[in-house]
Amino acid sequence: MSQVEDLKHLFSEISGGESLAQVGIDEFKQAMSTTKFSAFLHSMGISTEDVGVLFKLLDADTNGLVDLDEFVTGCLNLHGTAKSSQLARMSYENKLTRREIKSMQRSLADLHIVLRMMCENWSV
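Position in the sequence shown (first residue = 1) + 5 = the numbering used here.
Now the structure itself:
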């Protein structure tokens, strides 16, 4: 069985076999408490030390649930050489965040100018 198939099978066990299933943090923690689940992830080089952080890394759309695609893709991204793609993704997201912060800084500076002008006009 391929690694992707193994991951799909593992997720099926966690989710109860439902085709469109999603698992929450509680189900994920319960699964992580089993040796089979944690041993498989360890065999892929994925740390299971902090279950909450691992869950957040897998929850790509940040809706508080992990579906099959998020689970498989997330595990593959955290495994082996795919770690570099995860770092690239994080770098890209950081760049977007920096752009957004700079935009907010410019907006705040503009707002400061407008408020200063309003105060000057008010005191006249």
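For every residue, glycine included, the Cβ atom is placed at its ideal position computed from N, Cα and C.
- In this structure, His-47 and Thr-53 form a Cβ contact; the two beta carbons are roughly 6 Å apart against a cut-off of 8 Å.
- Taking C-beta atoms under 8 Å as the contact rule, His-84 and Met-49 qualify, at a distance of about 4 Å.
- The three-state secondary structure of Asp-74, taken from DSSP, is helix.
- Just so you know, the alpha carbons of Arg-104 and Val-58 end up roughly 26 Å apart.
- By the C-beta density criterion, Leu-63 is buried, having at least 16 other C-beta atoms within 10 angstroms.
- Of the candidates Gly-29, Leu-12 and Ile-118, the residue whose Cα lies closest to the Cα of Gly-69 is Gly-29.
- Contact between Lys-34 and Val-9 is absent: CB atoms are separated by about 24 Å, not below the 8 Å threshold.
- In this structure, the straight-line span from the alpha carbon of Lys-107 to that of Val-77 is close to 35 Å.
- In terms of Cβ geometry, Ile-19 and Ala-36 form a close pair [threshold 7 Å].
- Of the other Cβ atoms in all chains shown, 16 or more fall within 10 Å of the Cβ of Asn-82; this residue is therefore buried.
- For Val-56, DSSP records no beta bridge to any residue.
- Residue burial is scored here from C-beta neighbours: Cys-124 has fewer than 16 other C-beta atoms within 10 angstroms and is therefore classed as exposed.
- By the neighbour-count criterion, in which 16 or more other beta carbons inside 10 Å mark a residue as buried, Gly-21 falls on the exposed side.
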